[in-house]
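Here is the structure we will look at, set down as structure tokens.
Chains as they are written, first to last, in my numbering: chain A, 101 to 317; chain B, 139 to 689.
Shown next, in the form of structure tokens:
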């Protein structure tokens, strides 16, 4: 086993991450504006930006889902309890004692168990909750004549808003996590240049060195 | 760095969908011409006859009915057509509620009732000489063609009976009318023709409607985008299209939601709805907001956004009338007080002995509510709880759940007016007359009610009081140019929303679930707090530093 600098985030993944970041920030700012928490934008501007960003994000997600399944990278997000306790213990205790982070990135497992679980929940619970209710919200006038449409709309709005609060909380924790361990910059760079330190098996190391020399340093 | 392409592309995504600011300032205002083009009067345009050349109209005429005979000599069917319309009958039976409506019978909360006061009120009847129950509604020579069709502006009407000297003095000293000249001037009705009555409903300029004032005789486009003399210069009949002297557009049966739009090619000629010209998707779909606005057509009447304020154009409307103070005299004579200067600089009376106190207002936002087009009137036949705090002269129905309803703007008129305290009914007051029971001149409300009721065989307990009444006037005129229409944020706002009182719908921006907001805010604040504490403990723990490595 050897720690090598390996390209773990492809160009598409980095594009996905950063454009998703921009779109989600836009959605959060305009969304809470629409909700009445601030008036940086007029309602019309906020609706236009919010809806445009939402459509862009849905398009991005369509591409990313296609990417995940055609490249088999979806397997990074399979939940696993193994090692979870160690990670939890580290964040709530070990970190204060100056311990080492217990997780080592593997080539086919670039997220620690807690990360994998968090991202999976984001992908299969929070994101669907917000885009399904968002579309229902946007196209309210297409179903306004079904019985109890107003009550349904109230429910849709509440789920949408609740999901937004939770996504905001996720974003805050996600950014804070970058400060844990290495420097903020060291955590940020893999998502910019794609390379991070990964624990490679000799076979992986040999394979990468021979067949994908550009992906290993 | 290649990866930065991603960031740039992300920004592009947003730029692609950026807000398209509708360039509202550049909306082409038609060029102003020295003389406004002729008013546009609906489908009938450019006639084939020049009435100044007609021998039949040479005159001389000694009375209005003589002119009518001349008119009917050529327009052989006009009398028959005209006598079926509401301007003649002043009567309307609502087919859905069965209520007997129409000016002839109704009670309003302005001068209260025309019934029994026709000598005065029927000045605005499109006929000659209606002063009491003996008027012959079958005599077509009693039709007044001129009031609607003359174009000289010199024609006028006076009360059909003398009335008390206290009032009749107002109508003295007017110049004689040259009936022949007036007759030769006839054409399609101009705004001033309709306005002679409709701008002055309720006893004065814009008193009643709030959206119909003399400012519309020659309005700028900014006051009314359709009628503006520097714009389209529509006459009333451009929208209130006419078929056999029956006009589209009814206050008794309002089409609150037009589902047909423009209909078959060409203009629908049986309705006065906005949609009959503008269609069911009236907003240009050049932006996301345009899409959403077209969606809103299902729930919001066009008027709600496009008529931002009532009584624009410098002429105020009455919003409150108090009959309780009527009847005060100075040295036994009635008097009046000026107390309001309106936008165009004119003074308005805020007290008249014959009517009581008025409150004026102008440029104010309407009231809003779900409206299905159905008005429910409190008529002379309606009984109510005499102890009621207030009653609605014309309540309206409608709700979010009703597919015909939309949110409409209304002028709310509040009045303290006399009623029968014993029986719990509204009353006919005998205001106009030469006798000693007529309120206008004698100032005795009890006597006036007793006479007003007795004349029509109606029960009266003998005890009157004053009750608060509300009437609702759907606002549909003085449509502002689109750059003055309400914006999204005028309604979608947590405070000060135009639709703050409208129920039955969840409106983003206006509505919140309080608990969700509290819990959500706590979640975010708790997260930040947790991060802060975690960070501080790390900072102050004995061995902090960049040792923790990967996360």
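All residues carry an ideal CB built from backbone N, CA and C; glycine is no exception.
Alpha carbon of residue 674 (chain B) to alpha carbon of residue 267 (chain A), nearest angstrom: Residue 674 (chain B) sits at position 536 when you count from the first residue of the second chain. Residue 267 (chain A) sits at position 167 when you count from the first residue of the first chain. Looking at the two C-alpha atoms, the distance is approximately 24 Å.
Local conformation of residue 583 (chain B) per DSSP, three classes: Against the second chain, residue 583 (chain B) aligns to sequence position 445. Taken through DSSP and simplified to helix, strand or coil, residue 583 (chain B) comes out as helix.
Identity of the residues DSSP links to residue 558 (chain B) by a beta bridge: Sequence index remark: in the second chain, residue 558 (chain B) carries index 420 (1-based). Paired residue(s): B:563 and B:602.
DSSP state of residue 381 (chain B) mapped onto helix, strand, coil: Counting from one through the second chain, the residue named residue 381 (chain B) turns up at place 243. Of the three classes helix, strand and coil, the one that applies to residue 381 (chain B) here is strand, per DSSP.
Cβ of residue 394 (chain B) within 9 Å of any chain A Cβ: Along the second chain, read from residue 1 onward, the residue named residue 394 (chain B) stands at position 256. Answer no: the Cβ-Cβ gap between residue 394 (chain B) and chain A never drops below 9 Å.
Rounded separation between residue 303 (chain B) and residue 592 (chain B) - CA only: Along the second chain, read from residue 1 onward, the residue named residue 303 (chain B) stands at position 165. Along the second chain, read from residue 1 onward, the residue named residue 592 (chain B) stands at position 454. Each residue's alpha carbon lies about 24 Å from the other.
Minimum Cβ-Cβ distance from residue 258 (chain A) to chain B less than 9 Å: For this step, residue 258 (chain A) is matched to residue 158 along the first chain. By this cut-off, residue 258 (chain A) is an interface position.
Element boundaries [alpha helix (DSSP H), containing residue 219 (chain A)]: Your numbering for residue 219 (chain A) matches position 119 in the first chain. According to the DSSP assignment, residue 219 (chain A) belongs to the alpha helix (DSSP H) that extends over 213-221.
Contact list for residue 273 (chain A) against chain B, beta-carbon separation under 9 Å: The residue labelled residue 273 (chain A) in the question sits at position 173 within the first chain. Neighbours of residue 273 (chain A) in chain B, taken as residues whose beta carbon is under 9 Å from its own, are 665, 668 and 669 in chain order.
Cβ of residue 539 (chain B) within 9 Å of any chain A Cβ: The sequence position of residue 539 (chain B) within the second chain is 401, counting from 1. For residue 539 (chain B), the answer is yes, since a Cβ of chain A falls inside 9 Å of its Cβ.
Host beta strand (DSSP E) of residue 299 (chain A) (start-end): In the first chain, residue 299 (chain A) corresponds to position 199, counting from 1. Following the DSSP letters along the chain, one finds residue 299 (chain A) inside the beta strand (DSSP E) bounded by residues 295-300.
Heavy atom of the ligand MN within 8 Å of residue 197 (chain B) beta-carbon: Ligands are entirely absent from the displayed structure, and the ligand MN is therefore not among its contents.
Reduced DSSP secondary structure (H/G/I, E/B, other) of residue 133 (chain A): For the purposes of this step, residue 133 (chain A) is taken as residue 33 along the first chain, with counting starting at 1. Note: residue 133 (chain A) maps to helix in three-state DSSP.
DSSP bridge partner residues for residue 391 (chain B) (one or two, in chain order): Here residue 391 (chain B) refers to the residue found at position 253 when the second chain is read from its first residue. Its beta-bridge partners are B:512.
Closest Cα partner of residue 369 (chain B) within the set B:178, B:417, B:649 and B:531: Counting from 1 along the second chain, the entry for residue 369 (chain B) is found at position 231. Ranking the options by Cα distance to residue 369 (chain B), first place goes to B:178.
Stretch pair the segment 525-534 of chain B + the segment 460-478 of chain B: three plus CB contacts closer than 8 Å: Output reads no: the segment 460-478 of chain B does not touch the segment 525-534 of chain B.
For residue 175 (chain A), the three-state DSSP class (helix, strand or coil): Along the first chain, one-based indexing puts residue 175 (chain A) at 75. Residue state, collapsed to three classes: helix.
Sub-9 Å separation of residue 656 (chain B) and residue 545 (chain B) beta-carbons: Residue mapping note: residue 656 (chain B) aligns to position 518 of the second chain, counting from 1. Residue mapping note: residue 545 (chain B) aligns to position 407 of the second chain, counting from 1. With contacts defined by Cβ atoms closer than 9 Å, residue 656 (chain B) and residue 545 (chain B) do not form a contacting pair.
Three-pair Cβ contact test at 8 Å for the segment 646-666 of chain B versus the segment 475-491 of chain B: Of all C-beta pairs linking the segment 646-666 of chain B to the segment 475-491 of chain B, fewer than three are shorter than 8 Å, placing the two stretches out of contact.
Cβ-based neighbour list, residue 378 (chain B), same chain, cut-off 7 Å, excluding 5 preceding and 5 following: Residue mapping note: residue 378 (chain B) aligns to position 240 of the second chain, counting from 1. Only 385, 386, 387 and 410 meet the Cβ criterion.
For residue 456 (chain B), three-class secondary structure by DSSP: Indexing the second chain from 1 puts residue 456 (chain B) at position 318. Three-state DSSP puts residue 456 (chain B) in a strand.
Inter-residue Cα distance where the pair is residue 107 (chain A) and residue 117 (chain A): The residue labelled residue 107 (chain A) in the question sits at position 7 within the first chain. The residue labelled residue 117 (chain A) in the question sits at position 17 within the first chain. Residue 107 (chain A) and residue 117 (chain A): Cα-Cα distance of roughly 15 Å.
Residue-level contact to chain B via CB, residue 317 (chain A), 9 Å cutoff: On the first chain, residue 317 (chain A) is found 217 positions in, with the first residue counted as 1. Closer than 9 Å: no.
Cβ contact (3+ pairs, closer than 8 Å) linking the segment 173-183 of chain A and the segment 218-229 of chain A: Contact between the segment 173-183 of chain A and the segment 218-229 of chain A is present, because at least three Cβ pairs lie under 8 Å.
Minimum Cβ-Cβ distance from residue 147 (chain A) to chain B less than 9 Å: Translated into the one-based positions of the first chain, residue 147 (chain A) becomes position 47. Yes, residue 147 (chain A) lies at the interface with chain B (some Cβ there is under 9 Å from its Cβ).
The alpha helix (DSSP H) enclosing residue 499 (chain B), as first and last residue numbers: Sequence index remark: in the second chain, residue 499 (chain B) carries index 361 (1-based). Note, residue 499 (chain B): premise wrong, no alpha helix (DSSP H); beta strand (DSSP E) at 494-499.
Extent of the continuous alpha helix (DSSP H) to which residue 533 (chain B) belongs: For this step, residue 533 (chain B) is matched to residue 395 along the second chain. For residue 533 (chain B), no alpha helix (DSSP H) run applies; the uninterrupted beta strand (DSSP E) run containing it begins and ends at 532-534, by DSSP.
Chain A contact residues for residue 676 (chain B), given Cβ-Cβ distances below 7 Å: As a first step, residue 676 (chain B) is located in the second chain; it is residue number 538 there, counting from the start. For a Cβ distance threshold of 7 Å, residue set 195 and 196 of chain A lies close to residue 676 (chain B), ordered along the chain.
Start-to-end residues for the alpha helix (DSSP H) that takes in residue 466 (chain B): For the purposes of this step, residue 466 (chain B) is taken as residue 328 along the second chain, with counting starting at 1. Run containing residue 466 (chain B): none; DSSP gives neither H nor E here.
Through-space distance from residue 587 (chain B) to residue 254 (chain B), alpha-carbon basis: In the second chain, counting from the first residue as 1, residue 254 (chain B) sits at position 116. In the second chain, counting from the first residue as 1, residue 587 (chain B) sits at position 449. Counting only the Cα atoms, residue 587 (chain B) lies some 11 Å from residue 254 (chain B).
Pick from B:316, B:308, B:301 and B:284 that is closest to residue 332 (chain B), judged by C-alpha positions: Taking the first residue of the second chain as 1, we reach residue 332 (chain B) at position 194. Looking at the Cα atoms, B:284 is the closest of the given residues.
Cβ pair count under 8 Å reaching 3, the segment 653-670 of chain B against the segment 154-167 of chain A: Under the Cβ criterion (8 Å, minimum of three pairs), the segment 653-670 of chain B does not count as touching the segment 154-167 of chain A.
Within chain B, the residues that residue 182 (chain A) reaches when beta carbons sit closer than 9 Å: On the first chain, position 82 is the one that residue 182 (chain A) refers to. Contact note: residue 182 (chain A) does not reach chain B at a C-beta cutoff of 9 Å; the least C-beta distance is about 17 Å.
Chain-order list of residues whose beta-carbon lies under 8 Å from that of residue 364 (chain B) (same chain, five-residue window excluded): Translated into the one-based positions of the second chain, residue 364 (chain B) becomes position 226. Cβ within range, chain order: 370, 372, 376, 377 and 617.
Among B:343, B:282, B:347 and B:677, nearest to residue 504 (chain B) - alpha-carbon criterion: Here residue 504 (chain B) refers to the residue found at position 366 of the second chain. Residue B:347 holds the alpha-carbon nearest to the alpha-carbon of residue 504 (chain B) among B:343, B:282, B:347 and B:677.
Buried versus exposed, by CB contacts within 10 Å (16 or more), residue 197 (chain A): Numbered from 1 along the first chain, position 97 holds the residue referred to as residue 197 (chain A). Counting of Cβ neighbours within 10 angstroms places residue 197 (chain A) among the exposed residues, the total staying below 16.
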